[in-house]
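Letter by letter, the sequence shown follows residues 12 to 376 of the working numbering.
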Amino acid sequence: MTEKVFLPAFGNKPKHIIGRQGLIENFLEGLSEPVGHPNRSTILIGQRGTGKTTLLLEFAELAQEADYVCARVMAHEDMLEEIIDQIQVKGAKYLATSKQKISGFSAGAAGFSLGLSFTQVSETHYGPRMKLSLLCEELTIQGKGVVILVDEVQPDAKAVRILAGAYQHLLGEGMNISLVMAGLPSSMSSVLNDDILTFLNRANKVVLDPIPQVEIFKAYAEEFAYQGISVEPQILDKIAAATKGYPYLYQLIGYHLLSLLPSSKVIDLSLANQAIHIARAKMVDNIFAPVLKPLSKKDKDFLEAMSVDEGSSSVADIQARLGVTKGYVQTYRTRLIEAKVISSAGHGELEFAVPYLGEYLRGDF
Numbered sequence: 012m013t014e015k016v017f018l019p020a021f022g023n024k025p026k027h028i029i030g031r032q033g034l035i036e037n038f039l040e041g042l043s044e045p046v047g048h049p050n051r052s053t054i055l056i057g058q059r060g061t062g063k064t065t066l067l068l069e070f071a072e073l074a075q076e077a078d079y080v081c082a083r084v085m086a087h088e089d090m091l092e093e094i095i096d097q098i099q100v101k102g103a104k105y106l107a108t109s110k111q112k113i114s115g116f117s118a119g120a121a122g123f124s125l126g127l128s129f130t131q132v133s134e135t136h137y138g139p140r141m142k143l144s145l146l147c148e149e150l151t152i153q154g155k156g157v158v159i160l161v162d163e164v165q166p167d168a169k170a171v172r173i174l175a176g177a178y179q180h181l182l183g184e185g186m187n188i189s190l191v192m193a194g195l196p197s198s199m200s201s202v203l204n205d206d207i208l209t210f211l212n213r214a215n216k217v218v219l220d221p222i223p224q225v226e227i228f229k230a231y232a233e234e235f236a237y238q239g240i241s242v243e244p245q246i247l248d249k250i251a252a253a254t255k256g257y258p259y260l261y262q263l264i265g266y267h268l269l270s271l272l273p274s275s276k277v278i279d280l281s282l283a284n285q286a287i288h289i290a291r292a293k294m295v296d297n298i299f300a301p302v303l304k305p306l307s308k309k310d311k312d313f314l315e316a317m318s319v320d321e322g323s324s325s326v327a328d329i330q331a332r333l334g335v336t337k338g339y340v341q342t343y344r345t346r347l348i349e350a351k352v353i354s355s356a357g358h359g360e361l362e363f364a365v366p367y368l369g370e371y372l373r374g375d376f
């Protein structure tokens, strides 16, 4: 039996995270440095399949190993209450259980009964922001820190504004706290441009770019060798190239290679092509559909005009195909680059940032 190390399903943490070591080290550096270090506040920006959730899972595990109380949530209307619940449950072990109930708000254990359970007064009269302050204050006194990880951040979310405001307030008070938020480019752009949340632009903003093919090749080679799987270098090179540096495809192709692996434990060209074909087919529903859904018809027309070219597309050719002005092209070029659907490929050239999207749009997929 081969070991199941490739886990492409949402919410799973794979055995190895590749191409993101620098980012992981920056996160750990922030936790080890005094409050106010820039890496204490991180914004992860990336399209679906770029590894945002995987990184949050890794950050959660590392934070817990560093003795931080960690709350990891999906962004939603009631996420503040969920964050508070998680901090209470996970942080209770650091407090003595013999504390008497204390009503009101003051330093130390004020507002808590046993462990990190709020007194009736605190529960009734304090809102989520004050409760979060109380928890962080008490844990800071105990020499512990708090890490809050928020996935799938949405624009115009009241809860995000409240959390970010509370976080800024707690930083100002010297609380041992760190915040990591992750979301799609369009969502994070709205959050960062929000008039109330402009301070988040001072956070460490990370765009999750494709992983270099050489790192993909090395990771596959090491894992297959570890499991006693034989594969020729040229076939492995084809497999690595097929991922386009996309973490989701790295996991998906690897998963199907192991699922289809014969008893001989040899990956030949036929098996490689079969795994790549299955993985690419799953991109349609899992990646392309959600990427294209929020785009306007004019956005999609722009992409259709780009898809005519098998490689990069010149801005001049796109303008000619659409029959529009230079200003029109510039507007939609900027929109789609900000959404991380396309990217610049040099002066006056554009390319698709989502792997295989061009082939899909022109019917070659």
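Note that CB positions come from ideal geometry on N, CA and C, so glycine has one too. Everything numeric in this text was worked out from a predicted model, so none of it was measured.
Among residues of its own chain, excluding the 5 on either side of residue i, which ones have a beta-carbon nearer than 6 Å to its beta-carbon?
{"i": "residue 27", "result": "none"}
{"i": "residue 328", "result": "none"}
{"i": "residue 63", "result": "55, 57 and 193"}
{"i": "residue 142", "result": "95"}
{"i": "residue 43", "result": "none"}
{"i": "residue 369", "result": "318 and 363"}
{"i": "residue 77", "result": "42"}
{"i": "residue 243", "result": "none"}
Taking the straight line between their C-alpha atoms, what separation do you get for residue i and residue j?
{"i": "residue 181", "j": "residue 211", "result": "14 Å"}
{"i": "residue 88", "j": "residue 170", "result": "6 Å"}
{"i": "residue 103", "j": "residue 90", "result": "20 Å"}
{"i": "residue 134", "j": "residue 150", "result": "18 Å"}
{"i": "residue 337", "j": "residue 188", "result": "47 Å"}
{"i": "residue 115", "j": "residue 92", "result": "A caution first: residue 115 carries a pLDDT of 41, below 50, which makes its placement in the model unreliable, though a value can still be read off. Taking the straight line joining both Cα atoms gives about 20 Å."}
{"i": "residue 130", "j": "residue 32", "result": "43 Å"}
{"i": "residue 249", "j": "residue 362", "result": "21 Å"}
{"i": "residue 322", "j": "residue 367", "result": "11 Å"}
{"i": "residue 166", "j": "residue 223", "result": "31 Å"}
{"i": "residue 24", "j": "residue 261", "result": "13 Å"}
{"i": "residue 235", "j": "residue 132", "result": "59 Å"}
{"i": "residue 341", "j": "residue 61", "result": "26 Å"}
{"i": "residue 354", "j": "residue 372", "result": "17 Å"}
{"i": "residue 358", "j": "residue 303", "result": "26 Å"}
{"i": "residue 344", "j": "residue 350", "result": "10 Å"}
{"i": "residue 113", "j": "residue 195", "result": "Caution applies to residue 113, whose pLDDT of 35 falls short of 50 and renders its modelled position unreliable; the value that the coordinates give is listed next. Distance between the alpha carbons of residue 113 and residue 195: 43 Å."}
{"i": "residue 81", "j": "residue 136", "result": "25 Å"}
{"i": "residue 269", "j": "residue 294", "result": "19 Å"}
{"i": "residue 75", "j": "residue 84", "result": "15 Å"}
{"i": "residue 307", "j": "residue 276", "result": "47 Å"}
{"i": "residue 374", "j": "residue 296", "result": "15 Å"}
{"i": "residue 101", "j": "residue 148", "result": "15 Å"}
{"i": "residue 117", "j": "residue 47", "result": "The predicted position of residue 117 is uncertain, since its pLDDT is 42 and thus under 50; a value taken from the coordinates is nonetheless stated next. Spanning the two alpha carbons is a distance of roughly 24 Å."}
{"i": "residue 16", "j": "residue 138", "result": "43 Å"}
{"i": "residue 376", "j": "residue 233", "result": "30 Å"}
With a Cβ-Cβ cutoff of 8 Å, do residue i and residue j count as a contact?
{"i": "residue 360", "j": "residue 325", "result": "yes"}
{"i": "residue 213", "j": "residue 173", "result": "no"}
{"i": "residue 227", "j": "residue 35", "result": "no"}
{"i": "residue 68", "j": "residue 39", "result": "no"}
{"i": "residue 347", "j": "residue 312", "result": "no"}
{"i": "residue 271", "j": "residue 282", "result": "yes"}
{"i": "residue 59", "j": "residue 240", "result": "no"}
Take residue i as the anchor and find which of the options has the nearest alpha-carbon.
{"i": "residue 218", "options": "144, 149 and 364", "result": "364"}
{"i": "residue 176", "options": "185, 301 and 209", "result": "209"}
{"i": "residue 20", "options": "222, 95 and 267", "result": "267"}
{"i": "residue 94", "options": "52, 61 and 146", "result": "146"}
{"i": "residue 154", "options": "242, 259, 339 and 185", "result": "185"}
{"i": "residue 245", "options": "371, 159, 284 and 356", "result": "284"}
{"i": "residue 225", "options": "241, 61 and 247", "result": "247"}
{"i": "residue 37", "options": "101, 371, 372 and 70", "result": "70"}
{"i": "residue 86", "options": "376, 46 and 168", "result": "168"}
{"i": "residue 7", "options": "254, 138 and 349", "result": "Given a span of 12 to 376 for the chain in the structure shown, any question on residue 7 remains unanswerable."}
{"i": "residue 18", "options": "290, 307 and 295", "result": "290"}
{"i": "residue 45", "options": "294, 269, 275 and 183", "result": "183"}
{"i": "residue 352", "options": "314, 138 and 339", "result": "314"}
{"i": "residue 106", "options": "276, 307, 233 and 152", "result": "152"}
Am I right that residue i and residue j are in contact with their C-beta atoms under 8 Å? What's the rounded C-beta distance?
{"i": "residue 305", "j": "residue 201", "result": "That pair is no contact at about 12 Å."}
{"i": "residue 264", "j": "residue 287", "result": "6 Å"}
{"i": "residue 127", "j": "residue 99", "result": "4 Å"}
{"i": "residue 301", "j": "residue 256", "result": "Not a contact, Cβ separation roughly 20 Å."}
{"i": "residue 79", "j": "residue 161", "result": "Actually they do not touch by this definition, with Cβ atoms about 15 Å apart."}
{"i": "residue 215", "j": "residue 49", "result": "5 Å"}
{"i": "residue 258", "j": "residue 65", "result": "7 Å"}
I'd like the list of long-range same chain contacts for residue i, defined as Cβ closer than 8 Å, with 5 residues on each side in sequence excluded.
{"i": "residue 332", "result": "316 and 319"}
Skipping 5 residues on each side, what residues in its chain have a beta carbon closer than 7 Å to that of residue i?
{"i": "residue 199", "result": "54, 56 and 164"}
{"i": "residue 230", "result": "27 and 29"}
{"i": "residue 179", "result": "210"}
{"i": "residue 190", "result": "52, 159 and 178"}
{"i": "residue 356", "result": "323 and 362"}
{"i": "residue 252", "result": "224"}
Answer yes or no: the CB of residue i versus the heavy atoms of the ligand FAD, is any distance below 7 Å?
{"i": "residue 361", "result": "In terms of ligand content, the structure shown is empty, and the ligand FAD therefore cannot be addressed."}
Say whether chain B places a C-beta atom closer than 8 Å to the C-beta of residue i.
{"i": "residue 224", "result": "The structure shown contains no chain B, having only a single protein chain."}
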